[in-house]
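First the structure, in the form of structure tokens, and then the observations on it.
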Amino acid sequence: MNMRQKKFLLQESELPTQWYNIQADMLSKPLPPLNPATHEPLKADDLAHIFSLECSKQELDQQHAWIDIPEAVLEKYRFYRSTPLVRAYELEQALDTPAHIYFKNESTNPLGSHKINSALPQCYYCKQEGVTNVTTETGAGQWGAALSYAARIFGLEAAVYQVKISLQQKPYRSFIMRTFGATVEGSPSMSTRAGKDIITRDPTHPGSLGTAISEAIELATTTPNCKYTLGSVLNHVALHQTIIGLEAEKQMQMAGEYPDTVIACFGGGSNFGGIAFPFMRHNLKDGKRTEFIAAEPNSCPKLTRGKFEYDFGDEAGYTPLLPMFTLGHDFKPANIHAGGLRYHGAGVIISQLLKDGYMHGVDIPQLETFAAGMLFARTEGIIPAPESSHAIAAVIREAKKCKETGEQKVILFNLSGHGLLDMTAYDSYINGDLNNYTVTDEEIAENLKAVPQV
Ligand SMILES: Cc1ncc(COP(=O)(O)O)c(C=O)c1O
């Protein structure tokens, strides 16, 4: 009988009760966000006119390595955590690789992705601070769905701006958001000044995370008792997502292995930071030499071809200036199906870690990601979100290298979500209707001209 163990789960008593704040352990600290008008560093109170005060404090906290997870959030986490750590034996076999491949399956909660891990604390803190309404942006709708659910259970009203092209490609997640009681509007829309300006400039604009963020911030800052919540990019979002890596660390111990390589897909950095930071602390503090790889679309290559600059986090320029690897805040990404990766910039912590050589990016063409998603589905039986398939494609590249060299590397990746509501994309791939998109150096250089001079 085959006794190999495929799945590792934690007991309730073993669940982490704190998040890990990597900023405290970083040797070169991330640069501060700046006020766009004065270029002065911002304090938590300045950020708190957009975000909850607690998230604003977490955003700038460079001192405390461990931050308690509130009991009310832990209680909700217990509904679906721990998530399984799974050894991908079938994928290994199909690739005929000596590598050991593990994945952390964040697709098992009812919302279908890792996004719920930050939606819960963000809504909890808003509620604690007397906020009644929250706004947000969403790409493919994973974050919007998670936020709508979290808002509902903490008694908040939610308004979501979903990237127009994604709303058209995949309407089902907007139905989920509305089922939880949120209002959903395609971005750019005519309901905000930012949206109207964008449509005036370009009536066929398909929308991007940058346009949806502008609209959501505008609504939050012009509505009493309303805060903006974000599903990616920011330090506090990655902080909440470290629950993934902290669990995975214990589960890898149960498996008796430690990762040589950690991989995740990359939109703004929250699932990457979530799985990577707890392991990276051992590189920073204990001399471990794990390699960290972030997989981005080659049509939106901020990590591999962007520039490290202070830039806005949104299209209209409503956010503070953030020090980030960017393609320029009005970069208009191609209409790839991985809607959650269509973002022009990388989070501040990750940008600093990339600059300092603790991690690197790989850019992957759309068709390779779908081929990887198909192979994963046919071996492991889980249909991955198109975003997550970027990680799988990067894993396959690494596993193939191991086959060539004979190295028995331990590879851990984050399966950030399932793709069961992305089936039109898979259908198009199977029918041969999908394309690769590339962006030229000239287009990137042209777009970077819009980055403010700091
Ligand atoms: C399933 C999934 N994975 C990954 C991402 C990318 O976001 P992040 O880089 O913050 O993890 C998204 C964003 O919408 C997503 O829905």
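With the numbering used here, the residue at position 75 of the sequence shown is 75, and numbering never jumps. For every residue, glycine included, the Cβ atom is placed at its ideal position computed from N, Cα and C. Every value quoted in this text rests on a predicted model; they were computed, and no experiment measured them.
Compare the C-alpha of VAL86 against each of ARG152, LEU10 and ILE116 and name the closest.
LEU10
How about PHE325: is its Cβ closer than 6 Å to a heavy atom in ligand 1?
no
Could you pull out every residue in the same chain whose Cβ sits closer than 7 Å to the Cβ of ARG152, ignoring the five residues on either side in sequence?
PHE180 and GLY181
List the endpoints of the continuous alpha helix (DSSP H) containing MET254.
235 to 255
List the endpoints of the continuous beta strand (DSSP E) containing PHE154.
Looking at the DSSP string, PHE154 is not in any beta strand (DSSP E), and its letter there is neither H nor E.
Tell me the start and end of each unbroken alpha helix (DSSP H) in the segment 61 to 88 that is at least 4 residues and wholly inside, in chain order.
71 to 80
Locate the alpha helix (DSSP H) running through ASN436, then write down its first and last residues.
In the DSSP assignment, ASN436 falls outside any alpha helix (DSSP H) and carries neither an H nor an E.
C-beta contact flag for VAL184 and MET177 at 7 Å
yes
Can the beta-carbon of LEU415 be found less than 7 Å from the beta-carbon of SER107?
yes
Using 7 Å as the threshold, is the C-beta distance between GLY245 and PRO278 below it?
yes
Whole-angstrom distance between THR379 and GLU90, CA atom to CA atom
5 Å
Starting from HIS418, follow its DSSP beta bridges and name the residues at the other end.
Answer is PRO384.
Closer than 6 Å by C-beta to TYR429: which residues in its own chain qualify, once you throw out the five before and the five after it? Chain order, please.
PHE370
Between the CA atoms of ASP363 and VAL439 - distance to the nearest angstrom:
12 Å
Top-ranked residue by Cα proximity to GLY328, from GLY112, MET359 and GLY210:
If we check each option's Cα against that of GLY328, GLY210 comes out closest.
Boundaries of the alpha helix (DSSP H) in which ASN117 is found, first to last residue
116 to 128
Neighbour-count burial assignment, GLN58, 16 or more Cβ in a 10 Å radius
buried
Exposed or buried, HIS49, counting other C-beta atoms within 10 Å across all chains shown (16 or more means buried)?
exposed
Rounded to whole angstroms, what's the CA-CA distance from LEU71 to TYR77? Just pull it up for me.
First, the amino acid is wrong: residue 71 is Glu here, not Leu. Straight-line Cα distance between these residues: approximately 10 Å.
Please report the residue range of the alpha helix (DSSP H) in which PRO278 lies.
270 to 286
Closer than 6 Å by C-beta to SER232: which residues in its own chain qualify, once you throw out the five before and the five after it? Chain order, please.
GLY267, GLY268 and SER270
Below 8 Å CB to CB, which residues in the same chain sit around LEU321 once its five sequence neighbours on both sides are set aside?
PRO33, LEU34, ASN35, PRO36, HIS39, TYR310, ASP311, PHE312, PRO452 and VAL454
Which value, in whole angstroms, describes the spacing of the CA atoms of ASP441 and GLN23?
32 Å
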